[in-house]
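These notes concern the structure reproduced below.
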Amino acid sequence: MRIYLDHNATTPVRDEVVDAMARALRERWGNPSSVHAEGATARAAVERARESVAALLGVLPREVFFTSGASEANNTALAAFAGRTASRRHVVTTSVEHPSVEAPLAALEGQGVSVTRLSVDREGLVDLDSLAAALTSDTALVSILYAHNETGVLQPLVRIAALARARGVPLHADVTQAVGKLPLDLGEQGVDLASLSAHKFGGPKGVGCLIARGGIDFEPILRGGGQERSRRGGTENVPGIVGLGLACELAQRELPDRAREQAALRDRLWDGIAAKIPRARRNGSALRVLPNTLSICLPGAPGDLLLQALDLEGVAVSSGAACASGSIEPSRALLAYGLSRDEARATLRLSVGHGVDAAQIDHVLAMLPDLVARARAAERA
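Following our numbering, the numbering of the sequence shown begins with 5 at its first residue and continues without gaps.
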C-alpha cells in the first residue's frame with residue numbers, strides 16, 4: 005500500500021474527472037472554433053467549464069481565460085501586463101514567490117523594470133507597512149503568492165488588495181494552492197488577476213487559467229489565433245478544460261467539508277509528530293495556513309534522507325517544492341523565513357488530500373519517529 009502525502013506537488017485525478025475527460029475525448033473531439041455541429045459540441049463543453057470555474061472563484065465567465073496551467077498564467081500576467089507600459093515600470097512582490105513568478109520578473113528586470121521584493125517574517129508573512137511604503141506612482145503591479153506551495157502560509161490577501169487599490173495598482177495573485185482547499189471569492193477579495201492549475205485539486209495536468217477581472221486588458225504571449233477572445237492562441241485542450249471544469253464543480257460541492265476534513269488529518273499528523281519526535285517544529289504560521297499542509301523542521305535529520313527512507317516504506321512526501329526536485333540547495337523560501345541552511349535541509353513537507361484517511365496518518369506516525377532517529381544517527385556518524 006502506498007500512502008501519498010504530496011498533494012501540493014500534484015493530486016491524483018479524481019475518478020469523476022477521468023470519466024468526464026474520456027467522454028470528451030470520444031464525443032467532443034471537434035475543434036471549438038469550427039461552426040459545424042462537432043465544433044459546437046466542443047465549444048459548449050468549453051463554455052460550461054468556463055462557467056464552473058467562474059462560479060467557484062466568484063468571477064464572471066468572460067473573466068476566465070484558459071491556459072496550460074498556472075506557470076503560463078503567471079508569465080502572461082507579469083510579462084504581458086507589468087511590462088506593457090513605459091509610464092509604469094515597477095513591480096512589488098515578495099522574496100518567497102514561486103519560480104514561475106520569480107523567473108519572469110528577473111527577465112523583466114533585464115528589460116529595465118524595477119522589482120521590489122518584500123521580505124517576510126518567521127511566520128512567512130509579508131509586512132503590510134513595508135508593502136504600502138513600496139507602492140509608488142511608478143508601480144504597475146503587485147504580485148503575491150496567496151498560499152505558499154512549500155509551507156501553506158496564507159498572505160493577508162484582502163488587506164494587500166486594499167492597499168494596492170488605494171494606490172490604483174492592480175493585484176495579481178497566484179492562488180494555485182488555495183483552489184479546492186479554501187473558499188475563494190476573488191471579487192470580494194479584490195484580486196484583479198489570478199492564476200491556477202487544475203492538477204492541484206483533482207484535475208488533469210496541462211490545463212489552468214488566468215483570471216482577469218473588471219475588463220483588464222492584456223497582451224497575449226501565445227499568438228496565432230483568435231481563441232480565448234484573442235488572448236491565448238492555439239486550439240483549446242477540450243478534454244483538459246472539461247476536467248478543470250468538473251474539478252471546480254467537485255470543489256464547490258465539497259467545500260467546506262473538504263477543508264475541515266483535511267485540517268483534521270493535518271492536525272492529527274502534527275500532534276503525533278510533536279508528541280513522538282524531539283525538537284520537531286513547524287515552519288511558518290500555524291494559524292494562517294492551508295488546511296492540508298504541514299511543513300516541519302526535524303533538526304539533525306536531512307530531509308533528502310528521510311524522503312528516500314519514507315519512499316522505501318511506501319510513503320510519498322516532499323523535502324521542498326516539487327519544482328526544485330533534484331536540487332541539493334536548501335529552499336529559498338525557508339531561508340527567507342529565517343531558517344539556517346541546515347534547518348532548511350532538515351525540512352519535510354507533508355500535504356494531505358483526497359484519498360488520505362486517519363489510518364494512513366497513524367501508519368506514518370508509527371514509522372516516522374524511528375526513521376528520524378536513524379537519519380539523525382547517520383548524520384552524526
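Idealized CB from N, CA, C, for every residue including glycine.
Its chain contains Leu158, Gln159, Leu161, Ala177, Asp178, Val179, Ala182 as the residues whose beta carbon lies nearer than 7 Å to that of Tyr150, once the 5 sequence neighbours on both sides are disregarded; these appear in chain order. With fewer than 16 other beta carbons inside 10 angstroms of its own, Val39 counts as exposed. In this model, Val68 and Ile215 are separated by some 5 Å (Cα to Cα).
For Val321, same chain residues with a beta-carbon under 7 Å away, outside a window of 5 residues either side, are Leu9, Asp10, Leu311, Leu314, Leu352, Arg353, Leu354 in chain order.
Relative to Lys209, the option among Ala251, Leu186, Arg217 whose CA is nearest is Ala251.
Residue pairing by DSSP places Val146 opposite Val96, Leu175 in a beta bridge. In this structure, the CA atom of Gly359 is about 44 Å from the CA atom of His94. Taking a contact to require three or more Cβ pairs closer than 8 Å, the segment 62-81 and the segment 101-117 qualify as touching.
In the three-state reduction of the DSSP assignment, Val360 falls in the coil class, being assigned neither a helical nor a strand state.
Per the DSSP secondary-structure output, Tyr8 pairs in a beta bridge with Ala320.
Put simply, the backbone Cα of Tyr341 is about 19 Å away from that of Gly304.
If you compare the alpha carbons of Arg227, Pro243, Gly244 with that of Gly237, the shortest gap goes to Arg227. If you draw a 10 Å sphere on the C-beta of Ala170, you find fewer than 16 other C-beta atoms in it, and that means exposed. Burial state of Glu265 is buried, judged by a 10 Å Cβ sphere holding 16 or more other Cβ atoms.
In the displayed model, Arg169 falls within a helix according to three-state DSSP. Taking a 10 Å sphere around the C-beta of Gln115, we find fewer than 16 other C-beta atoms and assign the residue as exposed. The alpha-carbon separation between Asp275 and Leu298 amounts to approximately 11 Å. Here the C-alpha atom of Pro36 lies approximately 9 Å from the C-alpha atom of Gln231.
Apart from sequence neighbours up to five positions away, the residues of its chain that approach Ser75 with a beta-carbon distance below 7 Å are Ser104, ordered along the chain.
Its chain contains Pro208, Gly210, Val211 as the residues whose beta carbon lies nearer than 6 Å to that of Gly244, once the 5 sequence neighbours on both sides are disregarded; these appear in chain order.
Look at Val376 here: in three-state DSSP terms it is helix.
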